[in-house]
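Using my numbering, you'd call the opening residue of the sequence shown number 33 and step up by one each time.
Only one structure is covered here, and it is reproduced in the block below.
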Amino acid sequence: MPISRPLASKAIIAGLLGLVPGSVIAQPARQAIGDEGNEAMERLRNALQNAKNESSDARVPIPQPAPAPAEKRRAFEGLKRRSADPAMEARARAANEAAQRGLAAERERQAKLLRQTLGLEPSEEQAIAKAGAAPTTPKSWTPLLFASSSIPMPVLRSYAAQLERVHGVIAFRGLPGGMKKIAPFAKLSAEMLRIDPGCEGPACAMRGVQIVVDPIVFRQYAVSRVPALAMLPGDPTQPYCERGDEVASTPPSGARLVYGDSALTGLLDEYARLGGKEEVRDAQSLLTVR
Numbered sequence: 033m034p035i036s037r038p039l040a041s042k043a044i045i046a047g048l049l050g051l052v053p054g055s056v057i058a059q060p061a062r063q064a065i066g067d068e069g070n071e072a073m074e075r076l077r078n079a080l081q082n083a084k085n086e087s088s089d090a091r092v093p094i095p096q097p098a099p100a101p102a103e104k105r106r107a108f109e110g111l112k113r114r115s116a117d118p119a120m121e122a123r124a125r126a127a128n129e130a131a132q133r134g135l136a137a138e139r140e141r142q143a144k145l146l147r148q149t150l151g152l153e154p155s156e157e158q159a160i161a162k163a164g165a166a167p168t169t170p171k172s173w174t175p176l177l178f179a180s181s182s183i184p185m186p187v188l189r190s191y192a193a194q195l196e197r198v199h200g201v202i203a204f205r206g207l208p209g210g211m212k213k214i215a216p217f218a219k220l221s222a223e224m225l226r227i228d229p230g231c232e233g234p235a236c237a238m239r240g241v242q243i244v245v246d247p248i249v250f251r252q253y254a255v256s257r258v259p260a261l262a263m264l265p266g267d268p269t270q271p272y273c274e275r276g277d278e279v280a281s282t283p284p285s286g287a288r289l290v291y292g293d294s295a296l297t298g299l300l301d302e303y304a305r306l307g308g309k310e311e312v313r314d315a316q317s318l319l320t321v322r
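Laid out in structure tokens, this is it:
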């Protein structure tokens, strides 16, 4: 039986395929598949990058349409028709007033502490002690030492120890570093009044000497250099408005000013030699008491 030509062709092809090893045919196929996969991945990366660029370029703020005049009118009419709660308004007003009172009280407390730190106002303990003590007569005299931060600290400490015994006061013309800087003056005052120079902290014992910042008294007595000593009538730590007629624009008639770096006893002796024996008598008697 004769074999048809298509069948013969198929048989020859099948024979040839059977004779050729499978690895020879599969290798080009795998290579082609790999190339196509790489091309597909590259197209995918390009597509993602293009999409990312398009999304970043598309971030443009979309303007919101303006409300219509009728909508605006309805909104304002709704606000006008809103009923106010009197109780809530009363509570808000009371809370605001309480906050204002608390703020004012805190400001006054801070100002009082500042005045006490600067020696412009006695502390509570000193006020109680002063209230229990005998009232100061107009004829009493208070030793006032004019000082400055340029005086060596050992000299200031020595004057503070002696002035404590005679209930004297130390006066400064101004604050070291200016009125806006309190810290240098507070440090200077603590070092000057601290009984133990090696003590640190708020628990250290201090000398009972008042310190005032009073440029007026410097101008009244025309103080040209420090240290200097004057005897003031009354209490120089009181505010000027509470001293009565004892304070004027000029020092009292016959007022004296003694300059020098000597101890307080020497300054008092010199003051007495210049004619102020009556004024320094009490201070000298207190210094001689042991």
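Quick reminder that beta carbons are idealized off the backbone N, C-alpha and C, glycines included.
All of these numbers come straight from a predicted model, not from anything done at the bench.
Review point. To the nearest angstrom, how far is it from the Cα of I57 to the Cα of I65?
Key: Residue placement at I57 is poorly supported in this model, since its pLDDT is 48, which falls under 50; the coordinates still yield a value, given next. Distance between the alpha carbons of I57 and I65 is about 13 angstroms.
Exercise for review: Report all residues from its chain with a CB closer than 7 angstroms to the CB of L318; omit the five preceding and five following residues, and keep chain order.
Suggested key: Result list for L318: R197, V198, in chain order.
**Study point:** Selection from R75, I214, T269 that minimises the alpha carbon distance to L146
**Key:** Comparing Cα-Cα distances from L146 to each of R75, I214, T269, the minimum goes to I214.
Check your understanding: In this structure, does DSSP put V258 in helix, strand or coil?
Key -> Residue state for V258 is assigned as coil, using DSSP reduced to three classes.
Check your understanding: For F108, does the count of other Cβ atoms within 10 angstroms reach 16, so buried, or fall short, so exposed?
Key -> Exposed: under 16 other Cβ atoms inside 10 Å.
Point to revise | For R226, three-class secondary structure by DSSP | key: Residue state, collapsed to three classes: strand.
Point to revise | Host beta strand (DSSP E) of A235 (start-end) | key: Counting along the chain, no beta strand (DSSP E) covers A235, and no H or E run does either.
Exercise for review: Check each candidate in V290, F178, I227 and name the one with the smallest Cα separation from G248.
Suggested key: It is Ile, not Gly, that sits at residue 248 in the sequence shown. Ranking the options by Cα distance to I248, first place goes to F178.
Practice item. Would you tell me roughly how many angstroms separate the C-alpha atoms of R133 and E121, rounded to the nearest one? Key: Rounded to the nearest whole angstrom, the C-alpha separation of R133 and E121 is 18 angstroms.
Check your understanding: Three or more C-beta pairs closer than 8 angstroms, one from the region 263-271 and one from the region 292-299: is that the case here?
Key -> Not touching, per the Cβ criterion.
Check your understanding: If you count every other CB in all the chains shown that lies within 10 Å of the CB of Y272, and 16 or more means buried, which is it?
Key -> Exposed, since its Cβ has fewer than 16 Cβ neighbours within 10 Å.
Practice item. Determine the direct distance from the alpha carbon of D67 to that of G54, and round the result to whole angstroms. Key: Reliability of the predicted coordinates at G54 is poor, the pLDDT of 47 falling under 50, and the value obtained from them is presented with this limitation in mind. Distance between the alpha carbons of G54 and D67: 20 angstroms.
Check your understanding: How is I243 classed by DSSP in three states: helix, strand or coil?
Key -> Strand.
Review point. Is V241 near A304, with beta carbons less than 7 angstroms apart?
Key: Contact: no.
Review point. Can you list, in chain order, the residues of its chain whose CB lies under 7 angstroms from that of S181, leaving out five sequence neighbours each side?
Key: In its chain, beyond the 5 residues on either side, P208, L220 have a beta carbon closer than 7 angstroms to the beta carbon of S181.
Exercise for review: Evaluate D228 with the Cβ neighbour count: other Cβ atoms within 10 Å of its Cβ, from every protein chain shown; 16 or more gives buried, anything less gives exposed.
Suggested key: Exposed is the label assigned to D228, since fewer than 16 other Cβ atoms lie within 10 Å of its Cβ.
Check your understanding: So, is Q194 buried or exposed, given that buried needs 16 or more other C-beta atoms within 10 angstroms?
Key -> Counting C-beta atoms within 10 angstroms of its own C-beta, Q194 has 16 or more neighbours from the protein chains shown and is therefore classed as buried.
**Study point:** Whole-Å CB distance - V290 paired with I183, under 8 angstroms assumed
**Key:** About 15 angstroms; that fails the 8 angstroms criterion.
Point to revise | Whole-angstrom distance between S172 and A218, CA atom to CA atom | key: Rounded to the nearest angstrom, the two C-alpha atoms are 30 angstroms apart.
Practice item. Grab the span of the beta strand (DSSP E) containing L176 for me, first residue to last. Key: Counting along the chain, the beta strand (DSSP E) containing L176 begins and ends at 173-179.
Review point. In whole angstroms, what is the alpha-carbon distance linking A102 and K84?
Key: In this structure, the straight-line span from the alpha carbon of A102 to that of K84 is close to 42 angstroms.
Check your understanding: Excluding five sequence neighbours on each side, which residues of the same chain lie with their C-beta closer than 8 angstroms to the C-beta of C231?
Key -> These residues qualify, in order along the chain: A237.
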